[in-house]
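Quick note on numbering: the sequence shown equals residues 7 to 303 in this note's numbering.
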Amino acid sequence: MSRVGQATAQIPIRSAVILVLVLIVVASAAGASGLGLLRLGSTGSEVRLVQEMLYALGYLLGEPDGVYGPNTELSVRNFQIQNGLLVDGKVGPETFARLNEEFTAWISRSYIVRKGDSLWSISRKFGTTVRALAEMNGLDPNGTLQVGVSLRIPLPLPASRGETREASLVPWTTARNIFTIGSVATVIDVETGLAFRVLRRGGSYHADSEPMTKYDTEVIKRMYGGGFSWNRRAIIVQINGYSMAASMNGMPHGEERIQDNGFAGHFCIHFLGSRLHLNGEIDDQHQAMVRRAAGQR
């Protein structure tokens, strides 16, 4: 069940309606009067408002409590990454304006297309699918969107944010020419929805990659429950408009290019048909995660 579904399932319908109305009124007032800068250590009703909005949209790690702790900071950073904002973990006027816009759109179940939007990116924001979004609005699933058009949004699916994302099965022979050496991509964890940025440093059989910053490393550790791990995880690699199904492990090893990211080495990202550098063989666990990222079981 999505965070949105969890939130509405945990309170009576009447209470949910009242909460929505209160949030709209408070958000509008905050937007009109100007929200103060919220950061790690902030407390109070404004923090609670931001947390409730992040929770409704599926970004908040944990429960709203009015305290701007590490979980809230990570959640804000993830929201900023997903929305192309300055990633600093703080809620200032620009971040709050975007958050208010996204929350209001979620409440009204409509969305105004902005420059750079696609059916895929919009469906991901609202926990639905490209097919459902296209069918509701009479659109070609493979077509382009006109900026300024209002779209009706289907109700979210009963699945996690990660499970509703769509990614293509792209063979390694193609993926290596999209996610090229030296390029930076966004990685989205299918299970948690957490996102971070990576640099492809090399690799011939698969993509040897490094988290860009200490924050990106912290996201990886959070995905794995607080530490590093060799366990495979289904991920989506986004770069240059492509969303490719992939798999990763979360253990630093080997050489590194970035010295100050808190990650002593690199980790591996596998795509369809990629191989291990150790022996040149295909890793079945990685391939299973690649297919899971593409929505196959």
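Glycine residues also receive a C-beta, built at the ideal position from the N, C-alpha and C atoms.
{"query": "What does the alpha-carbon distance come out to for the pair R158 and N148?", "result": "18 Å"}
{"query": "Can you give me the Cβ contacts of Y74 inside the same chain, cut-off strictly under 7 Å, excluding the 5 residues immediately before and after it?", "result": "L44, R45, L46, G47, S48, T49, V53"}
{"query": "What residues in its chain sit with their C-beta under 7 Å from that of L91, if we drop five residues either side in the sequence?", "result": "E100, T101, R104"}
{"query": "Rounded to whole angstroms, what is the Cα-Cα separation between S249 and V136?", "result": "13 Å"}
{"query": "Output needed for V119: all residues of its chain with C-beta closer than 7 Å, excluding positions within five of it in sequence on either side, in chain order.", "result": "L151, Q152, V153, G154, V155, L157"}
{"query": "Does DSSP put D214 in a helix, a strand or coil?", "result": "strand"}
{"query": "In chain order, what are the residue ranges of uninterrupted alpha helix (DSSP H) at least 4 long that sit wholly in the stretch 117-156?", "result": "125-131, 136-143"}
{"query": "Hey, L175 and V296: beta-carbon distance below 9 Å or not?", "result": "yes"}
{"query": "Looking at the secondary structure, which residues open and close the beta strand (DSSP E) in which V190 lies?", "result": "190-195"}
{"query": "Find the nearest neighbour of D222 within the set G268, G231, A252, judged by alpha-carbon distance.", "result": "G268"}
{"query": "Please report how far the alpha carbon of A213 lies from the alpha carbon of M254, in whole angstroms.", "result": "10 Å"}
{"query": "Pick out whichever of M218, D123, L278 has its Cα sitting closest to the Cα of I264.", "result": "M218"}
{"query": "Identify whether F185 lies in helix, strand or coil by the three-state DSSP scheme.", "result": "coil"}
{"query": "How many Å lie between I245 and E69 at the Cα?", "result": "32 Å"}
{"query": "Pull up the CB-CB distance for F273 and S215, whole angstroms please, since I reckon it's below 8 Å.", "result": "6 Å"}
{"query": "Considering Cα atoms alone, identify which of N84, A299, K121 is closest to R203.", "result": "N84"}
{"query": "I think A191 touches V243, with their Cβ atoms under 8 Å apart; what is that distance to the nearest whole Å?", "result": "5 Å"}
{"query": "Check whether the Cβ atoms of A252 and H283 lie closer than 9 Å to each other.", "result": "no"}
{"query": "Please classify N285: is it buried, with 16 or more other beta-carbons within 10 angstroms of its beta-carbon, or exposed?", "result": "exposed"}
{"query": "State the Cα-Cα distance for the pair I288 and D195, rounded to the nearest angstrom.", "result": "22 Å"}
{"query": "Any idea what DSSP makes of S253, helix, strand or coil?", "result": "strand"}
{"query": "Taking the straight line between their C-alpha atoms, what separation do you get for K227 and R115?", "result": "34 Å"}
{"query": "Please classify S81: is it buried, with 16 or more other beta-carbons within 10 angstroms of its beta-carbon, or exposed?", "result": "buried"}
{"query": "Against chain C, with Cβ distances strictly below 9 Å, would E287 count as a contact?", "result": "In summary, chain C is missing from the structure at hand, where a single protein chain is found."}
{"query": "Comparing alpha-carbon positions, which option in L60, I184, A270 lies nearest F109?", "result": "L60"}
{"query": "What does the Cβ neighbour count give for G144, buried or exposed, with the cut at 16 atoms within 10 Å?", "result": "exposed"}
{"query": "Helix, strand or coil for L80? Go by DSSP, reduced to three states.", "result": "helix"}
{"query": "Report the option in F132, D266, G271 whose CA atom is closest to the CA atom of G256.", "result": "G271"}
{"query": "Could you say which of E262, A173, L55 lies nearest to R298 if we only look at CA atoms?", "result": "A173"}
{"query": "For the alpha helix (DSSP H) holding V225, just list the boundary residues, first then last.", "result": "220-229"}
{"query": "Measure the C-alpha to C-alpha separation of E197 and A240 and round it to an integer number of angstroms.", "result": "7 Å"}
{"query": "On the criterion of 16 or more Cβ atoms from any shown chain inside 10 Å, does N106 qualify as buried, or is it exposed?", "result": "buried"}
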